[in-house]
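There are 2 protein chains.
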Amino acid sequence: MKGEILSIGTELLMGELTDTNSVYIASKAPALGVTIQRMSQVGDDLNALAAAFTQALGRADVVFSTGGLGPTQDDLTREAISLALGEEMTVDPALLEDLEAWFRYRGAPMPPRNKKQATLIPSADVIPNNQGTAPGWWVEKGGKLVIAMPGPPGEMTNIWTHQVSPKLKGRVTGQVIITRNIKTTDLGEADVAERVARYCESDNPYLGIYAKHDGIHLRIIGRGATEEEARELMRPVEEGIVAIMGPHVWGYDDDTPERALAQALTEKGLTLATMESCTGGLLASNITDEPGSSGYFRGGIVAYSSEAKIANGAPPEVIEAHGAISPETAVAMAEAARRGLNADIGVGITGVAGPAEQEGKAVGTVFAAISLESRVKNVALRLPPRRAVVKYRSVTTVLVELCRLLKDL
Amino acid sequence: MKGEILSIGTELLMGELTDTNSVYIASKAPALGVTIQRMSQVGDDLNALAAAFTQALGRADVVFSTGGLGPTQDDLTREAISLALGEEMTVDPALLEDLEAWFRYRGAPMPPRNKKQATLIPSADVIPNNQGTAPGWWVEKGGKLVIAMPGPPGEMTNIWTHQVSPKLKGRVTGQVIITRNIKTTDLGEADVAERVARYCESDNPYLGIYAKHDGIHLRIIGRGATEEEARELMRPVEEGIVAIMGPHVWGYDDDTPERALAQALTEKGLTLATMESCTGGLLASNITDEPGSSGYFRGGIVAYSSEAKIANGAPPEVIEAHGAISPETAVAMAEAARRGLNADIGVGITGVAGPAEQEGKAVGTVFAAISLESRVKNVALRLPPRRAVVKYRSVTTVLVELCRLLKDL
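Top line first, the protein sequences correspond to chains P and E.
Counting in the working numbering, the first sequence runs from 1 upward without gaps.
Counting in the working numbering, the second sequence runs from 1001 upward without gaps.
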């Protein structure tokens, strides 16, 4: 099945917003048997939009759109689809009632202009949106599909996962494409490429190597008439890569370091506490991104100054002797967090996020420590001197190291 | 002058790469008098590519392309432009000599397949690329322009800055486009649209209304023969909107809540401390995203349990009487953070991030408090029941409320 993606909104054409929705859809479509052949960003102009739908429907079997489903006069996706298909929009009473209920729940009357979010055309079914006021449209006409989804990425991915993907799965014709993503740490891109070179010559399964902020990803892409056939082709490649990469593998597919950590901690029944300086709360925030983290995360301290570190249990003599930016202080912070918050594992991070060097240490210098009752693990990093990079690379590295340590326990 | 952007490469259609080149060009083009009307991502298929160039040239005066200028058989941008314009590619001896010199300098012989990077068509001039092997093409034919640039973002932006932008500047036949972005909080999209409806009818300046995670943005876009003329046109609209939206305005253009807060705290010489529960460290992390935050941020506590709240100074009788998820506990946390970390201002956030309700309160229920020596401000939120949304919307709202409070001090 051939697919196209239309991302709608003048702000996309002004360079004020990066179109991540298309990237998401493009990454998910192949496994459903849809090959994306073109993606376009179009502004909030009715005629240009209607023409874009008409052209895309001329080339593809299914057109995914995101954006333009809001209540304002700039939101013209419904109008454009109606114009392209020659159908008339009418207000759907059940949809209107849902929308009014949404506003009632939030304690506000529905503004009149939101009414157009309750419209449909004869060929359109509603795609409910439980996270916003904009329902989507599932349109079938003349053997073609238009799937219109809202623009906010959270709403779009939720609708994709729970409604669009399951409904599309039943219609696969043609080849299925499956991907398997193996996530590794510690080694550089060229080094990884060297080690798995034997798998790089094949077209199916195909192996792609990508440098991401949580390490090097090895993506295997397999094609087959069925999912099983594609998986069978990919199996030996995956097994070979995992054997070669060994302890450098920390996760697969949608695994995030915080999810891998959640699994490992839950399995072992261990609890965690943090004391962080240069990462400023990002470590705790990433840990608590995981639903259920209250089960193993005791809490965290953001100790941006030496006084705060000391007030929370780091011995002043360690900081005096070695400096606030030192492996010894990282260990002291990890132990203070573990004891002070009554956890099994404590993590400490200290370093220089910038803009200026500190204690003669360059921006990007980071020391972390993981403290357990019986042992301590040190991590030293030298990161590119950009504040955001120092923060997220430090946090990702520490989370991945924690996972690896837990595996060995 | 109307423009379109084509980003070329099958990996874009697999969702493996985010097209940041288009965003860059789209952000730079308006000030040169080029209005981008469409952006597209197309795969490495000669016929599809040639058709995309033909269509774009039918609609626009200038077509920018990025990618597909490499040496491999997948790199088909030159071939597609030649096909679309009906011209023949020939090797340019001077270009070939440059390319061979590039390889000599790096101590390697030029692989034969790189020879196609030295080709031109009669309508094309070379755009030299001193950072890679792929020179660009500047093509003029029939009053239309095609500007083909290499795909690696560093090479593309370098070529844009030093060659494309200066050359285009001399040709502005149309208008300069200026934007001004006014950021507001508290009100919904439809409500804002209602209030500023009087400015929505105009085409120049044009007013766009966008729902973002830090509130509703009102973007004024003005066109004029010169920058001054455009700004003059926009001034009354900006003044009118600021008057209507009043205290709901919290920032402009590139302002982020944490930057606005940094300015406000630095101006007033005040310090800040936090105690957060459902936001799990994201508040502290956002505050410390700002360089120089160590000057006003005393530190933060991530108190994910009632015990942690109490251990850090929140009175147990308040939590017992009102529950952990209550306005009273939010105030107790804010005051405990302020006193415990010796700051001028304390912030407390408690709420239900999900997945399950707590104390009979629904996911998305959030109470925050801002505590100063002399006063307390409460914030109550009812957010969509998604963990990530609860976290970032709570944090953004609290930061914006802090800015508004500081303004009034």
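For glycine and all other residues, C-beta sits at the position ideal for the given N, C-alpha and C.
1) So who's on the other strand from residue 3 of chain P, going by DSSP bridges?
2) Is the closest heavy atom of the ligand COA to the C-beta of residue 336 of chain P under 7 Å?
3) Residue 1312 of chain E: buried (16+ other C-beta within 10 angstroms of its C-beta) or exposed?
4) Can you give me the start and stop residues for the beta strand (DSSP E) that residue 1154 of chain E sits inside?
5) Distance check for residue 1252 of chain E and residue 1216 of chain E, CA to CA, integer angstroms please.
6) Flag residue 1149 of chain E as yes if its beta-carbon sits less than 8 Å from any beta-carbon of chain P, otherwise no.
7) Return helix, strand or coil for residue 392 of chain P, following the three-state DSSP convention.
8) Sort P/69, P/141, P/370, P/125 by Cα distance to residue 84 of chain P and report the nearest one.
9) List, in order along the chain, the chain P residues whose C-beta lies closer than 8 Å to that of residue 1305 of chain E?
10) Going by DSSP, what residue range makes up the alpha helix (DSSP H) through residue 1417 of chain E?
11) Output yes or no for whether 8 Å exceeds the beta carbon distance between residue 1225 of chain E and residue 1175 of chain E.
12) I need the boundaries of the beta strand (DSSP E) containing residue 1124 of chain E, first residue and last residue.
13) Three or more beta-carbon pairs under 8 Å between the segment 1189-1199 of chain E and the segment 1162-1169 of chain E, yes or no?
14) Which value, in whole angstroms, describes the spacing of the CA atoms of residue 1088 of chain E and residue 1148 of chain E?
15) For the beta strand (DSSP E) containing residue 1185 of chain E, name the first residue and the last one.
16) Quick one: measure Cβ to Cβ for residue 1160 of chain E and residue 1028 of chain E, integer angstroms, because I've assumed they're closer than 8 Å.
17) Compare the C-alpha of residue 414 of chain P against each of P/94, P/132, P/50 and name the closest.
18) Please state the DSSP three-state secondary structure of residue 397 of chain P.
19) My understanding is that residue 42 of chain P touches residue 49 of chain P, with C-beta atoms under 8 Å, so please give their C-beta distance in whole angstroms.
20) Is there contact between the segment 377-393 of chain P and the segment 1274-1291 of chain E, where contact requires at least three CB pairs shorter than 8 Å?
21) Counting Cβ pairs, one atom from each stretch, are 3 or more of them under 8 Å apart for the segment 1368-1381 of chain E and the segment 1312-1326 of chain E?
22) Is residue 1351 of chain E helix, strand or coil when you go by DSSP?
23) From the DSSP output, read off the bridge partner residues of residue 275 of chain P.
24) Would you verify that the beta carbon of residue 1410 of chain E is, or is not, closer than 8 Å to some beta carbon of chain P?
25) Let's test the definition: count the other Cβ atoms within 10 Å of the Cβ of residue 1254 of chain E and tell me whether it reaches 16, buried, or not, exposed.
26) At the level of alpha carbons, what is the spacing between residue 238 of chain P and residue 405 of chain P?
27) So what's residue 235 of chain P in DSSP terms, helix, strand or just coil?
28) What residues in the segment 10-25 of chain P bring their beta carbon closer than 9 Å to a beta carbon of chain E?
29) Return the chain-ordered list of same chain residues with a C-beta closer than 7 Å to the C-beta of residue 279 of chain P, the five sequence neighbours on each side being excluded.
30) Beta-carbon separation of residue 273 of chain P and residue 407 of chain P under 8 Å?
31) Given a threshold of 16 other Cβ atoms within 10 Å of its Cβ, counted over all protein chains shown, does residue 1073 of chain E qualify as buried or as exposed?
32) Indicate whether at least one CB of chain E lies closer than 8 Å to the CB of residue 199 of chain P.
33) Evaluate residue 1150 of chain E with the Cβ neighbour count: other Cβ atoms within 10 Å of its Cβ, from every protein chain shown; 16 or more gives buried, anything less gives exposed.
34) To the nearest angstrom, how far is the alpha carbon of residue 1054 of chain E from that of residue 5 of chain P?
35) What runs of the beta strand (DSSP E), each 3 residues or longer, lie entirely inside the segment 1212-1256 of chain E?
36) Measuring only between beta-carbons, confirm whether residue 275 of chain P sits less than 8 Å from chain E.
Working from what's here:
1) P/36, P/62
2) The ligand COA is absent from the structure shown, which contains no ligands of any kind.
3) buried
4) Element bounds for residue 1154 of chain E: not the beta strand (DSSP E) but the alpha helix (DSSP H), 1153-1159.
5) 12 Å
6) False, the Cβ-Cβ gap to chain P never drops below 8 Å.
7) helix
8) With distances taken between CA atoms, residue 84 of chain P lies nearest to P/141 out of P/69, P/141, P/370, P/125.
9) Simply 294, 298, 299.
10) No answer is possible for residue 1417 of chain E: the residues shown for chain E start at 1001 and end at 1409.
11) Taking 8 Å as the cut-off, the Cβ atoms of residue 1225 of chain E and residue 1175 of chain E count as close.
12) 1124-1127
13) no
14) 16 Å
15) Unbroken run through residue 1185 of chain E: none, as it is neither H nor E.
16) 7 Å
17) Nothing in the structure corresponds to residue 414 of chain P, since chain P is present only between 1 and 409.
18) helix
19) 6 Å
20) yes
21) no
22) strand
23) P/301, P/348
24) Absent from the structure is residue 1410 of chain E, since the part of chain E shown begins at 1001 and ends at 1409.
25) The residue is exposed, with fewer than 16 neighbouring Cβ atoms inside 10 Å.
26) Here the alpha carbons of residue 405 of chain P and residue 238 of chain P stand approximately 23 Å from one another.
27) helix
28) 10, 11, 12, 13, 14, 15, 16, 17, 18, 19, 20, 22, 23, 24, 25
29) 349, 391, 394, 395
30) no
31) Per the 10 Å Cβ criterion, exposed.
32) For residue 199 of chain P, the answer is no, since every Cβ of chain E falls outside 8 Å of its Cβ.
33) buried
34) Distance between the alpha carbons of residue 1054 of chain E and residue 5 of chain P: 20 Å.
35) 1215-1224, 1249-1252
36) So, not an interface residue.
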